[in-house]
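Undergrad: I'd like to ask you about the structure that follows.
In the numbering used here, the protein residues as written are 7 to 105.
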């Protein structure tokens with residue numbers, strides 16, 4: 007009789023722990039999803055701002071991965087740096103021709 011009670015208690019405890027962990031995992035994913043959507047909204051706002059203020063070529067170079075649904079902040083920042091180095095290179099190249 008005691009053995010049956012121990013088995014029941016173990017099963018109840020394990021089922022409770024399983025559902026508790028499952029609920030925690032869900033809440034963690036929901037919070038992660040909300041943070042991710044906020045970042046996407048920020049990038050989208052920056053994209054529309056850049057589209058209004060900057061040249062078409064600049065916007066396309068910086069946000070080309072964002073448009074292709076490869077939304078990585080590192081790639082966008084890399085593209086911004088790449089655009090800056092490209093403009094510096096063109097600036098140096100034009101100065102050579104002027105001098």
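Ideal Cβ placement from N, Cα and C applies to all residues, glycine included.
1. Determine the DSSP secondary structure at residue 105, reduced to helix, strand or coil.
2. Straight-line CA distance for residue 61 to residue 21?
3. In three-state terms, what does DSSP make of residue 140?
4. Under a Cβ-count criterion, where at least 16 other Cβ atoms within 10 Å of its own Cβ denotes burial, should residue 69 be classed as buried or exposed?
5. Quick one: what's got a C-beta closer than 6 Å to residue 56's C-beta in the same chain, skipping five residues either side?
TA: Here's the rundown:
1. Confidence in residue 105 is poor, its pLDDT being 45 and thus under 50, which makes the residue's placement too unreliable to answer from.
2. 59 Å
3. Any property of residue 140 remains undetermined from this structure, which presents the chain solely from 7 to 105.
4. buried
5. Cβ neighbours of residue 56 beyond the five flanking positions: 65.
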